[in-house]
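Peer 1: Each residue of the sequence shown is one higher than the last, beginning at 1 in the UniProt record's numbering.
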Amino acid sequence: MVSLEELLAVAANASAPSIVDESGVQVGGVDPLGLRQINFDLMDKVLPGLNNVASRLRPFVLMTWAWRRVRTIIERDKLGGATDEQMRDFVDRIEAIYSWSQFLLDTDAGIPGGQALADLIYGEKETYRFGGKKWEQRRNLRRTSTGLISPLNYGPGLRSMGWLIPAGPAGVFQPNSILNSMLDAFEDNFSDELDHPAFNKLGSVEVERDDVRRWGELWELSDLTEAEQLAGFERLAGPQADPMRCEGMTMLEAAIESLDDDEPEASALRALMASPPEEWLDIADLHPRADAWRRLQIRQLFRLSLEAMFYWIIRELVDRPVGTDELARRFANQAELEADETAQKWLDEEAEGNAVEQLDQLDEALNSQDWQGDIPAQIASGLHFCLTAGRNEKWDKSEAFDRLPVARALKEADEWQKLSLRDFIGKFIEVWIIAQHAYWCVGRGLADARGRGKTLLRLRIVMDEGGWTLTPGAQARGAPVPTPDRLQTAISLLQECGRIASIDSEQ
């Protein structure tokens with residue numbers, strides 16, 4: 001890579017313009033304003049220990065059983081010299097076989113890793129050897145990204161919920177001994193198959209596709225024993241659960257019961273829970289958790305509104321640079337706002353609906369791609385809701401200032417409320433969007449450079465003589481989407497544990 005000193009020397013000696021190679025740096029970045037971490041922190045105050053992937057119960061059981069099985073083999077065969085890597089290799093093999101077997105039954109099985117196993121799922125090979133360089137490459141990929149025990153998938157929950165206990169070097173575990181009877185019940189379903197080398201020895205083994213398909217039916221995802229359901233609920237929302245998550249899950253069950261509907265829809269459930277708890281929740285001890293959930297939804301709306309505004313600005317800058325005043329004028333016109341009235345008058349208007357209803361309307365507008373009509377109007381409505389209804393919430397003042405917490409936005413909005421609405425819009429365009437964007441692009445870029453991470457051009461808006469303009473390569477495409485808030489995971493796991501009936505899931 002060319003150093004800065006070399007570039008300066010070339011520039012000093014240049015006597016005329018010259019053509020340079022097109023930059024190979026890609027424009028990207030999924031969190032352009034740096035707002036999303038607060039969303040995740042707020043989720044941890046309602047449903048800690050969950051994520052948006054680990055929504056089935058059987059993978060927790062399967063991985064716990066795999067670690068028990070490898071230790072059973074070592075003790076049975078007196079393999080005291082078995083290495084940690086051999087143990088991990090066996091568990092990785094069981095995990096891959098299980099995922100392969102479920103995708104053979106249903107290509108939309110609802111577990112991660114289908115794309116990485118595509119050659120086994122759709123290929124014509126009748127056997128596969130779990131050994132050698134190709135398996136090691138597949139195994140290592142699954143450990144870090146696509147496998148069940150990956151940190152992106154079921155790995156964190158297996159540890160935090162007490163299914164597995166760390167035992168030695170990183171990545172080595174032992175099963176929680178109190179789960180033995182549950183694991184026995186799970187194993188009974190396929191005990192006749194345990195003589196197969198895949199389940200019975202360490203090291204390289206060859207497995208036939210037909211065997212994998214047969215095993216898939218013996219340990220199918222949805223074929224849960226009562227023992228599994230009980231053990232799952234105890235760790236999800238029972239005596240073995242994180243107390244805060246236990247309250248969050250109890251609140252969710254109360255909300256489902258409050259709907260009084262045999263087949264409730266997730267959208268109705270979400271809207272109900274975004275209402276003040278006094279309107280639907282009889283258990284006063286759970287009101288703090290319900291309040292935390294409502295604050296999360298307001299923050300979700302705030303984040304989506306500002307990111308939508310960011311994408312709107314990018315589209316307005318495609319043809320030529322535009323100044324802040326002109327951007328504010330265009331936005332006010334497109335959103336049909338009274339730009340000459342004071343911001344205070346706008347902020348004094350009563351908020352409509354609740355945060356979830358506002359989120360749904362903004363998401364629907366973004367899907368419409370009406371960037372000069374419906375989208376600006378819904379952005380304005382969403383921000384208005386956050387800056388009005390948000391005043392009544394008890395926001396955590398310790399949230400990172402540079403991630404633009406709602407408490408900071410409310411304070412700054414109060415400082416700007418004497419301005420005209422047009423100037424108020426200009427303020428949040430400059431401070432909450434463009435300055436926030438520049439700050440986070442620099443911070444993430446430096447972090448990537450220090451850690452030798454991704455090389456991305458995150459900065460998409462810069463100042464030019466005529467106003468704000470796009471950086472080379474920045475394009476007016478895409479749109480933000482609502483951040484999943486773990487509700488579907490919580491619903492799915494409660495269903496898997498046999499605690500609630502079916503709920504129509506969100507699309």
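We put the beta carbon where it would ideally sit given N, CA and C, even for glycine. Quick caveat: nothing in here was measured; it's all calculated off a predicted structure.
Give the DSSP-derived three-state secondary structure of V205 in the structure shown.
Peer 2: To locate residue 205, count along the sequence shown from 1; it is residue 205. DSSP places V205 in strand when its eight states are reduced to three.
Peer 1: Decide if the segment 219 to 232 is in contact with the segment 144 to 154; the criterion is three or more beta carbon pairs, one per stretch, under 8 Å apart.
Peer 2: They do not touch, by the three-pair rule.
Peer 1: Looking at C-alpha atoms only, which residue of T250, A185, F424, Q86 is the closest neighbour of G171?
Peer 2: Stepping through the sequence shown from its first residue, residue 171 is reached at position 171. It is Q86 whose Cα lies nearest to the Cα of G171.
Peer 1: Taking 7 Å as the cut-off, is the C-beta of E350 nearer than that to any heavy atom in the ligand ZN?
Peer 2: The ligand ZN is not among the ligands present in this structure, which contains no ligands whatsoever.
Peer 1: Under 8 Å, do P321 and T471 count as touching if we go by C-beta distance?
Peer 2: Translated into positions along the sequence shown, residue 321 becomes position 321. Translated into positions along the sequence shown, residue 471 becomes position 471. Not closer than 8 Å, so no.
Peer 1: Looking only at C-alpha atoms, which of L194, P376, P480 sits nearest to I94?
Peer 2: Against the sequence shown, residue 94 aligns to sequence position 94. Out of L194, P376, P480, L194 has the C-alpha closest to the C-alpha of I94.
Peer 1: Threshold first: 4 residues or longer. Then list the alpha helix (DSSP H) segments lying entirely within the segment 341 to 373, N to C.
Peer 2: If we require 4 residues or more, the alpha helix (DSSP H) runs fully inside the segment 341 to 373 come out as 343 to 348, 355 to 368.
Peer 1: DSSP has Y439 in a bridge; who is on the other side?
Peer 2: Stepping through the sequence shown from its first residue, residue 439 is reached at position 439. Paired residue(s): none; Y439 is not in a bridge.
Peer 1: Given I379, which residues of its chain have a CB within under 6 Å of its CB, disregarding the five upstream and five downstream residues?
Peer 2: Position 379 of the sequence shown, counted from the first residue, corresponds to residue 379. Cβ neighbours of I379 beyond the five flanking positions: S305, A308, M309.
Peer 1: Closest to F103 by C-alpha separation, out of A328, D184, L221, would be which residue?
Peer 2: What you label residue 103 is simply residue 103 of the sequence shown in a count that begins at 1. When only C-alpha atoms are compared, the closest one is L221.
Peer 1: Just the C-alpha distance for L404 and L35, rounded to the nearest angstrom, thanks.
Peer 2: For the purposes of this step, residue 404 is identified with residue 404 of the sequence shown, where counting begins at 1. For the purposes of this step, residue 35 is identified with residue 35 of the sequence shown, where counting begins at 1. When rounded, the distance between both Cα atoms is 7 Å.
Peer 1: What span of residues does the beta strand (DSSP E) with G467 cover, start to end?
Peer 2: Within the sequence shown, residue 467 is the residue found at index 467, counting from 1. It spans 467 to 470 - the beta strand (DSSP E) in which G467 sits, taken as one unbroken run.
Peer 1: Using a threshold of 8 Å, state whether the C-beta atoms of I375 and A474 are closer than that.
Peer 2: Here residue 375 is taken as the residue at index 375 of the sequence shown, counted from 1. Here residue 474 is taken as the residue at index 474 of the sequence shown, counted from 1. It is not a contact, given that the beta carbons lie outside the stated cut-off.
Peer 1: If I follow the unbroken beta strand (DSSP E) through I149, where does it start and stop?
Peer 2: Within the sequence shown, residue 149 is the residue found at index 149, counting from 1. Element bounds for I149: n/a, residue is neither H nor E.
Peer 1: How far does the beta strand (DSSP E) with L164 in it extend, from its first residue to its last?
Peer 2: On the sequence shown, residue 164 is found 164 positions in, with the first residue counted as 1. Taken as a continuous stretch (DSSP letters only), the beta strand (DSSP E) holding L164 covers 164 to 166.
Peer 1: Would you list the residues sitting across from Y128 in a DSSP beta bridge?
Peer 2: Along the sequence shown, read from residue 1 onward, the residue named residue 128 stands at position 128. Bridge partners of Y128: V207.
Peer 1: How far does the beta strand (DSSP E) with M463 in it extend, from its first residue to its last?
Peer 2: Counting from one through the sequence shown, the residue named residue 463 turns up at place 463. Looking at the DSSP string, the run of the beta strand (DSSP E) that includes M463 is 461 to 464.
Peer 1: Between I491 and the rest of its own chain, which residues show a CB-CB distance below 6 Å, the 5 nearest in sequence each way excluded?
Peer 2: Taking the first residue of the sequence shown as 1, we reach residue 491 at position 491. Cβ within range, chain order: I503.
Peer 1: Counting pairs of beta carbons, one from the segment 403 to 420 and one from the segment 355 to 369, are three or more of them closer than 8 Å?
Peer 2: No contact exists between the segment 403 to 420 and the segment 355 to 369.
Peer 1: Please look up how many angstroms separate the CB atoms of A116 and R142, rounded, as I've assumed it's under 8 Å.
Peer 2: The count along the sequence shown starts at 1 and reaches residue 116 at position 116. The count along the sequence shown starts at 1 and reaches residue 142 at position 142. Yes, A116 and R142 are in contact; Cβ-Cβ is about 6 Å, under 8 Å.
Peer 1: Between the C-alpha atoms of L281 and S258, what's the straight-line distance to the nearest angstrom?
Peer 2: The residue given as residue 281 occupies position 281 in the sequence shown. The residue given as residue 258 occupies position 258 in the sequence shown. Going from the Cα of L281 to the Cα of S258 covers about 8 Å.
Peer 1: Which whole-angstrom value is the C-beta distance of residue 513 and G157, which I expect to be below 8 Å?
Peer 2: The shown model of the chain, from 1 to 507, leaves out residue 513, and the question about it has no answer.
Peer 1: Once the 5 residues before and after H287 are set aside, which same chain residues still bring their CB inside 7 Å of it?
Peer 2: For the purposes of this step, residue 287 is taken as the residue at position 287 of the sequence shown. Answer for H287: P277, L281, listed in chain order.
Peer 1: Straight-line CA distance for K78 to V70?
Peer 2: The residue labelled residue 78 in the question sits at position 78 within the sequence shown. The residue labelled residue 70 in the question sits at position 70 within the sequence shown. Going from the Cα of K78 to the Cα of V70 covers about 12 Å.
Peer 1: Would you identify the three-state DSSP class for S492, choosing helix, strand or coil?
Peer 2: As a working mapping, residue 492 is identified with position 492 in the sequence shown. The answer is helix: DSSP assigns S492 an H, G or I state.
Peer 1: If I follow the unbroken beta strand (DSSP E) through Q37, where does it start and stop?
Peer 2: As a first step, residue 37 is located in the sequence shown; it is residue number 37 there, counting from the start. First-last for Q37: 36 to 43, but that is the alpha helix (DSSP H), not the beta strand (DSSP E).
Peer 1: Do L359 and A479 have their CB atoms nearer than 8 Å?
Peer 2: The count along the sequence shown starts at 1 and reaches residue 359 at position 359. The count along the sequence shown starts at 1 and reaches residue 479 at position 479. Their beta carbons are not under 8 Å apart, which means L359 does not touch A479 by this criterion.
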